[in-house]
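Below is one structure, written out as structure tokens, with a few remarks after it.
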Amino acid sequence: MSTHEKTTRERVGLAVFGATSSEAIAAIVAAEKAGVRQVWMTQGGLSPDTLTLFAAAAVQTESIRLGTAIVPTYPRHPLALAQQALALNDIAPERLRLGVGPSHRPIIEGGYGIPMHSPQEHLREYVTVLRAALWDGKVEHQGRFFTVKGTLPRTPHTPILISALREGAFRLAGELTDGALSWVCPVPYLLEKSLPALRAGAAKAGRPVPPLVAHIPVALSQDRQAVSAAAHKQLGHYGHLPFYVSMFAEAGFPVSPEGELSDALLENLVVTGDEAAITEHLKKLLASGLDELLVMPIAVANAKDERERLARLIGQI
Numbered sequence: 001m002s003t004h005e006k007t008t009r010e011r012v013g014l015a016v017f018g019a020t021s022s023e024a025i026a027a028i029v030a031a032e033k034a035g036v037r038q039v040w041m042t043q044g045g046l047s048p049d050t051l052t053l054f055a056a057a058a059v060q061t062e063s064i065r066l067g068t069a070i071v072p073t074y075p076r077h078p079l080a081l082a083q084q085a086l087a088l089n090d091i092a093p094e095r096l097r098l099g100v101g102p103s104h105r106p107i108i109e110g111g112y113g114i115p116m117h118s119p120q121e122h123l124r125e126y127v128t129v130l131r132a133a134l135w136d137g138k139v140e141h142q143g144r145f146f147t148v149k150g151t152l153p154r155t156p157h158t159p160i161l162i163s164a165l166r167e168g169a170f171r172l173a174g175e176l177t178d179g180a181l182s183w184v185c186p187v188p189y190l191l192e193k194s195l196p197a198l199r200a201g202a203a204k205a206g207r208p209v210p211p212l213v214a215h216i217p218v219a220l221s222q223d224r225q226a227v228s229a230a231a232h233k234q235l236g237h238y239g240h241l242p243f244y245v246s247m248f249a250e251a252g253f254p255v256s257p258e259g260e261l262s263d264a265l266l267e268n269l270v271v272t273g274d275e276a277a278i279t280e281h282l283k284k285l286l287a288s289g290l291d292e293l294l295v296m297p298i299a300v301a302n303a304k305d306e307r308e309r310l311a312r313l314i315g316q317i
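Position 14 of the sequence shown, counted from 1, bears residue number 14 in UniProt numbering, the numbering being contiguous throughout.
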């Protein structure tokens, strides 16, 4: 289904979280009951495995789409990931959207102890292997990072998206994948730099332009001071990750030498207000040229209440 064929509600997804696996599954079930059509989950650090959570959530839901944003590529072999995607597609046909990406050096090298060489080249080869497995059912590949040979019993045709911060990754997404997943990228940067790069990659490969899924932090509050404090608390760590620091600088919002995000950046990133104001803002973003939105709640006063209200808002948009 192309972006133009999707309803507004189908173009707005909700990021879900949970302190435990059970809480995350409950959040997905609640999101579907609220009318949300798409949820997204990150695979951060050593948190519970997202695809395992999705399998459990799939049998407790009917139709909500389940997206990973993202599964890190370095710790997980592409054929192993293809097997997981196949199992999930058997349980919940055509509901998985598989977002993958290299993650970051502090996690991959500092945590897993895996050398993070040439992340974009690694991602290209990873997606090549993964796509052959999921879409052709058969892969025979010999490259710099992977030498693999195998056949899947079925071809689930699972959409593959990649994380993208800089123009090179957006070009790669346009060339090879079913979508680009941004993260804390200012909207002007997405419209002026990312979208043209995505289109250029698709044109190079002679294929349709895949969707850009724009990550949009949202705070259901009109208290600007409280929103600013919450945004600094929940987004501040991105100022210490080199890939994000480079992207912020290119977008015109350089990070301080101490790794502090500027108030101007956070004001650009975070959508705030009451339900009516946020609904209007999200619709304007969709009309601006962004294909889809991945709405991430910024907890200000009452995380549970704000998350539930935001789910209802998205379910009725």
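Heads up, the beta-carbon is just placed ideally off N, CA and C, and yes, glycines get one too.
Predicted, not measured: the structure shown is a model, and the values here were computed from it.
First and last residue of the uninterrupted beta strand (DSSP E) at residue i
i      : result
Ala219 : Leu212 to Ala219
Leu191 : Where Leu191 is concerned, there is no enclosing beta strand (DSSP E), given that its DSSP letter is neither H nor E.
Glu292 : Glu292 to Pro297
Contact set for residue i: own chain, Cβ-Cβ below 7 Å, skip 5 residues either direction
i      : result
Asn89  : Leu96, Pro156 and Thr158
Gln120 : Gly168, Ala169 and Leu172
Gln316 : Gly35
Val311 : First, the residue type needs correcting, since residue 311 is Ala and not Val in the sequence shown. Leu14, Ala30, Ala31, Ala34 and Val36.
Val209 : Gly174, Leu198, Arg199 and Ala202
Lys204 : Glu175
Presumed contact (8 Å Cβ cut-off) between residue i and residue j, rounded CB distance
i      : j      : result
Leu294 : Gly13  : 5 Å
Arg124 : Leu176 : 7 Å
Ala92  : Ala58  : 4 Å
Gln38  : Arg65  : 4 Å
Leu51  : Ala24  : No, Leu51 and Ala24 are not in contact; Cβ-Cβ is about 12 Å, not under 8 Å.
Paired residues, beta bridge with residue i - DSSP
i      : result
Lys149 : Glu140
Leu161 : Gly99
Thr272 : Ala219
Ala180 : Ile162 and Leu212
Unbroken alpha helix (DSSP H) run spanning residue i, endpoints
i      : result
Gly174 : Glu167 to Leu176
Tyr244 : Pro242 to Glu250
Glu309 : Position check: residue 309 holds Arg in this sequence, whereas Glu was assumed. Counting along the chain, the alpha helix (DSSP H) containing Arg309 begins and ends at Ala303 to Gln316.
Val255 : Val255 -> no alpha helix (DSSP H), and no H or E assigned at all.
Arg224 : Arg224 to Leu235
Gly201 : Leu195 to Ala205
Neighbourhood of residue i by C-beta distance below 8 Å, restricted to the same chain and skipping five residues each side
i      : result
Phe243 : His104, Leu165 and Arg166
Gly111 : Gly45 and Leu46
Val300 : Ala219, Leu220, Ser221, Asp223, Ala226, Val227, Ala230 and Glu306
Leu100 : Residue identity differs from the one stated: residue 100 is Val in this sequence, not Leu. The answer, listed in chain order, is Thr68, Ile70, Val71, Pro72, Thr73, Leu81, Leu123, Tyr126, Val127, Leu130, Ile160, Leu161, Ile162 and Ser163.
Lys138 : Ala132, Gly150, Thr151 and Leu152
Cβ neighbours of residue i in the same chain (closer than 6 Å, five flanking residues each side left out)
i      : result
Ala214 : Ser182, Leu190, Leu290 and Leu293
Pro217 : Leu269, Val270, Met296 and Ile298
Item checked: Complete alpha helix (DSSP H) runs within the region 6-92 (minimum length 4 residues, chain order) -> Considered as a whole, the region 6-92 harbours 21-33, 50-58 and 78-91 as its complete alpha helix (DSSP H) runs of no fewer than 4 residues, in chain order.
Check: Along the chain, which unbroken stretches of the alpha helix (DSSP H) at least 4 residues long are found entirely within the region 110-136?
Finding: 119-131
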